[in-house]
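First to last, the protein sequences are chains E and U.
Reminder that position 263 of the first sequence reads as 263 in our numbering, one-by-one numbering, no gaps.
Reminder that position 301 of the second sequence reads as 301 in our numbering, one-by-one numbering, no gaps.
A virtual CB, placed ideally from N, CA and C, is assigned to each residue, including glycine.
Read through the structure below, which is laid out as structure tokens, and then see the notes.
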Amino acid sequence: MNGKSVLRAVALTLIGLFFLFPLFWVVLMSFMTNADILRNPPSPFFTPTLHNYTALVSGNLGTNVGTQKIDYMLNLFNSTVLSGFSVILSLILGVPAAYAFARYKFRLGEDMAFTLLSFRFAPPLLVLLPLLMYFQSIGLYDTYFGLVWVYQLITLPLVLWIVRGYFEDVSEDIELAYRLDGHSWLRTFFRISIPLARPGIAAAALLSFIFAWNNFIFALILGSSGVQPVTVGALAFVTASGIEYGQIAAALVFSIMPTLVLAVFTQRYLVEGLSLGAIKG
Amino acid sequence: MAFLEITGLSKSFKDHKVINDLSIGIEKGEFLAVFGPSGCGKTVFLRLIAGMMPADSGEIDIDGQSVVDANPEDRDIGMAFQNYALYPHMTAFDNIASPLRSRHVTAAEVDARVKETARMLRIDHVLDHLPKALSQGQKQRTALARSLVGRPSVVLLDDPLRNVDAKIRYEMRFELPRVLRRYESTVIYVTQDYKEAMALGDRVAVLVDGAFGQAAAPHEIYDSPSTIRIARLFGDPPINLLPVRPITGAAGTEMSVAGSTVRLPADRAALSGRECMFGIRSENVVVSLEPNNGIPMTLDAITPVNNRLVMLLGGNEGTELFASCPQGGPMDRLRGRHNAWITLDLAHAHFFDNGNGARI
């Protein structure tokens with residue numbers, strides 16, 4: 001090993017430590033009691049306990065003034081449902097739209113694409129309060145459907161703009177060659193365009209899933225405890241007798257699991273290049 | 001009416017007329033080589049036939065049926081793209097099988113026909129490879145196989161030999177006509193290499209200014225180009241062109257070349273007094289190093305090109321002429337500058353109008 005590669009290894013380790021340390025500390029915290037966590041100075045040496053996890057799974061939050069019912073498992077389920085369906089709906093709507101924006105020039109096309117993107121600029125609170133009134137009057141308040149609908153503000157623009165770029169990179173000649181072979185437009189879309197944009201679709205789906213998962217304000221205002229995701233559910237750990245840091249840490253570990261698994265699973269698509277060598281370099 | 005009949009085809013991009021009132025008829029089984037300089041609209045022409053872009057106006061009939069409004073998938077056309085346009089996520093086999101799979105052909109027949117075509121193009125050993133694992137030559141053959149396997153009524157080949165190395169190009173010039181004859185295909189082959197067009201085409205059509213300036217047998221175009229532009233496009237070295245003004249005197253009609261007087265054949269008397277361009281190919285300029293009654297010039301440079309020796313000659317009034325002769329003569333080892341006397345074979349010379357460039 002020469003000097004350069006040693007230096008490189010040290011630098012990579014330092015960078016890794018820097019970025020992973022908060023995560024590592026949260027994982028440690030999830031195995032500590034509140035007393036261990038609040039000890040000054042903090043120490044990585046303690047007697048690990050599974051207490052935080054059992055409290056979350058059983059739904060009984062034990063504080064020093066008595067037990068409190070929490071529904072963290074329901075929150076986890078809600079997060080999965082809301083994020084999952086939001087992404088699925090965004091893919092169904094966004095992928096064909098992205099294709100249209102990438103391939104065809106039509107009147108107001110760019111304006112429409114930009115309008116969709118501009119949803120990301122608007123301060124959510126400004127939109128949410130009037131929306132709350134409407135939702136209450138048409139019965140969408142506190143429903144999965146209502147939240148999935150509003151989540152489109154987060155997920156749809158992401159899917160549209162990321163996938164559009166990938167469709168633009170798919171050679172039009174390849175699609176036209178397939179049509180000349182006698183296949184219909186629709187078949188070409190499903191057999192050529194979508195498979196070739198798959199890395200982009202996977203990346204967009206993953207990113208929008210994470211964004212939806214991490215959303216807090218939409219569900220806080222437009223839903224009650226029945227449909228609220230983990231981000232809002234975590235508020236329950238702020239109790240009358242103090243903040244349950246250990247359980248918050250355990251809840252965090254739980255809540256990053258799904259996105260972590262997804263990221264590992266779709267990584268292959270994320271790194272897979274688009275040009276698979278059919279077009280000359 | 002020809003098998004593939006194109007009438008008045010036009011296509012503009014913004015204000016630029018790429019294809020302008022183009023018409024041609026192609027017979028069944030004919031191999032038409034379309035030749036034109038790069039950027040002249042050859043690819044657009046193929047795309048209009050394939051239905052990959054709509055024509056502004058004009059008619060395209062295949063076997064008596066108008067296809068001008070049909071979708072690409074309904075035109076029964078096979079096409080090999082310059083960039084191959086293989087499906088990167090499918091094996092070579094599935095690439096080639098694609099035209100058959102759209103036609104409800106049984107799996108056994110798909111298998112048989114793909115393998116037969118692949119064998120003929122000598123890619124049967126790489127059928128399970130993805131395009132990225134194929135060499136340039138194999139990609140090109142896969143694209144060719146895909147365009148032929150469905151036996152479409154018209155096959156369009158968009159400069160398929162452009163991106164392969166010289167060895168494969170040479171091989172394919174022999175192989176392609178054999179394969180295409182076997183499939184009895186009606187072929188439009190686009191190239192920007194005039195030699196390739198002449199070597200492969202039953203007929204060569206020259207695309208200039210968005211329409212066919214001339215469509216004829218290869219040697220007819222070479223020997224009697226219809227305009228000065230077409231004359232310039234064919235030939236290596238390029239045709240010699242000199243501005244002249246023939247005058248009829250007591251000795252007959254004469255013109256001045258490099259300061260010397262050259263007498264024209266009697267049938268050229270009509271050119272008298274007319275400013276025009278005199279064109280003569282290098283092989284019709286005969287060079288002698290011994291003084292004779294030819295035009296005195298100097299031999300400035302000599303270089304072998306395609307088994308011929310090409311000579312650059314300089315003369316009075318800044319005149320430059322290319323001459324050529326077969327290799328294997330006394331000129332082979334000639335170096336340096338020499339005095340030379342040249343004779344022009346006027347039976348093979350051309351005169352072009354100064355205005356519209358048409359051959360007189």
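Review point. What does U:I77 touch in chain E if you count any residue whose Cβ is under 8 angstroms from its own?
Key: For U:I77, the chain E residues whose C-beta falls within less than 8 angstroms of its own C-beta are L180, listed in chain order.
Check your understanding: If we ignore side chains and look at the alpha-carbon of each, how far apart do E:Y99 and U:N240 end up?
Key -> Taking the straight line joining both Cα atoms gives about 53 angstroms.
Practice item. Just the chain E side, please: which residues come within less than 8 angstroms of U:H129 by C-beta, in chain order? Key: Among the residues of chain E, none has a CB under 8 angstroms from the CB of U:H129; the nearest is roughly 11 angstroms distant.
Practice item. From the DSSP output, read off the bridge partner residues of U:W341. Key: Answer is U:S288, U:P296.
Exercise for review: Starting from E:S43, find everything on chain U with Cβ-Cβ shorter than 7 angstroms and list it in chain order.
Suggested key: By Cβ distance, chain U contributes nothing, its closest Cβ being about 54 angstroms from E:S43, past 7 angstroms.
Point to revise | Minimum C-alpha distance to U:R162 - residue among U:S38, U:F31, U:A323 | key: Closest option to U:R162, Cα to Cα, is U:S38.
Point to revise | Endpoints, the alpha helix (DSSP H) within which E:S83 is located | key: Unbroken alpha helix (DSSP H) run through E:S83: 72-103.
Exercise for review: Mind checking the segment 167-194 of chain E against chain U and listing, in chain order, the residues whose C-beta falls within less than 7 angstroms of any C-beta there?
Suggested key: Taking 7 angstroms as the Cβ-Cβ cut-off against chain U, the residues of the segment 167-194 of chain E that qualify are S171, D173, I174, L176, A177, Y178, R179, L180, D181, G182, H183, S184, I192.
Check your understanding: Can you name the start and end residues of the beta strand (DSSP E) that U:K11 belongs to?
Key -> Unbroken beta strand (DSSP E) run through U:K11: 4-13.
Check your understanding: Nearest chain E C-beta to U:L121 closer than 9 angstroms, yes or no?
Key -> Output row for U:L121: interface = no.
Exercise for review: Reducing DSSP to helix, strand and coil, say where E:N60 ends up.
Suggested key: In the structure shown, E:N60 sits in a strand (DSSP, three-state: E or B).
Point to revise | Whole-Å CB distance - U:G210 paired with U:G64, under 8 angstroms assumed | key: That belief does not hold up - the Cβ atoms of U:G210 and U:G64 are roughly 26 angstroms apart, past 8 angstroms.
Point to revise | Closest by C-alpha distance to U:I230, when choosing among U:N306, U:F352, U:M53 | key: Looking only at U:N306, U:F352, U:M53, the smallest Cα-Cα distance to U:I230 is reached by U:F352.
Check your understanding: What's the C-alpha gap between E:I279 and U:L86?
Key -> Because E:I279 carries a pLDDT of 39, less than 50, the predicted location of this residue cannot be relied on, and the following value inherits that uncertainty. Cα-Cα distance, rounded: 7 angstroms.
Exercise for review: Indicate whether U:G150 and E:D181 have their beta-carbon atoms separated by less than 9 angstroms.
Suggested key: The answer is yes: Cβ separation under 9 angstroms.
Review point. Got a sec, what are the start and stop residues for the alpha helix (DSSP H) E:I217 sits in?
Key: 217-222 is the span of the alpha helix (DSSP H), which, as asked, contains E:I217.
Review point. Within 10 angstroms of its Cβ, does E:S368 collect 16 or more other Cβ (buried), or is it exposed?
Key: Summary: the structure shown does not reach residue 368 of chain E, with chain E confined to residues 1 through 281, and so no result is reported for it.
Review point. Quick one: which chain E residues come within Cβ less than 7 angstroms of U:V98?
Key: Here residue 98 of chain U turns out to be Ser, not Val, going by the sequence shown. Listed by position along chain E, the residues whose Cβ is nearer than 7 angstroms to that of U:S98 are Y178, D181.
Practice item. Would you kindly work out how many angstroms separate the C-alpha atoms of E:A209 and E:S184, rounded to a whole number? Key: For the record, residue 209 of chain E in the displayed sequence is Phe; it is not Ala. Distance between the alpha carbons of E:F209 and E:S184: 32 angstroms.
Practice item. Count the other C-beta atoms from every protein chain shown that fall within 10 angstroms of the C-beta of E:V57, then say buried if there are 16 or more, exposed otherwise. Key: Exposed, by the Cβ-count rule.
Exercise for review: Note down, one range per segment and in chain order, each beta strand (DSSP E) of at least 3 residues found wholly within the segment 127-195 of chain E.
Suggested key: Listed in chain order, there is nothing to give.
**Study point:** Euclidean distance between Cα positions of E:G242 and E:I217
**Key:** In this model, E:G242 and E:I217 are separated by some 23 angstroms (Cα to Cα).
Check your understanding: When DSSP labels each residue in this structure, what does U:P304 get in the three-state scheme?
Key -> Residue state for U:P304 is assigned as strand, using DSSP reduced to three classes.
**Study point:** Length of the line joining the Cα atoms of E:M112 and E:F167
**Key:** A direct Cα-Cα distance of roughly 17 angstroms separates E:M112 from E:F167.
Exercise for review: Return the residue from the list E:L252, E:L262, E:P258 that minimises the CA-CA distance to E:P22.
Suggested key: Its Cα nearest to that of E:P22, the residue E:L252 stands out among E:L252, E:L262, E:P258.
Review point. Can you find at least 3 beta carbon pairs, one from the segment 14-28 of chain U and one from the segment 230-248 of chain E, that sit closer than 8 angstroms?
Key: No: the two stretches stay apart, fewer than three of their Cβ pairs being nearer than 8 angstroms.
Point to revise | N- and C-terminal bounds of the beta strand (DSSP E) containing U:Q214 | key: 211-216 is the extent of the beta strand (DSSP E) around U:Q214.
Review point. Taking 9 angstroms as the CB-CB limit, is U:M364 close to chain E?
Key: Because chain U is modelled from 1 through 360, residue 364 of chain U falls outside the range shown and cannot be assessed.
Review point. Does the distance from the CB of U:L346 to the CB of U:S282 come in under 9 angstroms?
Key: In this structure, U:S282 does not lie closer than 9 angstroms to U:L346 by Cβ.
Practice item. On a CA-only basis, which of E:F265, E:I256, E:A234, E:P44 is nearest E:G59? Give me that one, please. Key: If we check each option's Cα against that of E:G59, E:A234 comes out closest.
Practice item. Starting from the Cα of U:L48, find the closest Cα among U:I19, U:C276, U:D76, U:V164 and give me that residue. Key: Of the candidates U:I19, U:C276, U:D76, U:V164, the one whose C-alpha sits nearest the C-alpha of U:L48 is U:I19.
Check your understanding: Does U:S102 have its Cβ less than 9 angstroms from a Cβ in chain E?
Key -> Interface residue, yes.
Point to revise | Outcome for U:H104 when other beta-carbon atoms lying within 10 angstroms are tallied against a minimum of 16 | key: By the neighbour-count rule (16 or more Cβ atoms within 10 Å), U:H104 is not buried but exposed.
Point to revise | Selection from U:Q136, U:L207, U:D69, U:Y189 that minimises the alpha carbon distance to U:L22 | key: The shortest C-alpha to C-alpha distance from U:L22 to any of U:Q136, U:L207, U:D69, U:Y189 is the one to U:L207.
**Study point:** Within chain B, the residues that E:L196 reaches when beta carbons sit closer than 9 angstroms
**Key:** No chain B is part of this structure, whose protein chains are labelled E and U.
Check your understanding: Could one say the Cβ of U:F81 lies closer than 9 angstroms to chain E's Cβ atoms, at least one of them?
Key -> True, the Cβ-Cβ gap to chain E drops below 9 angstroms.
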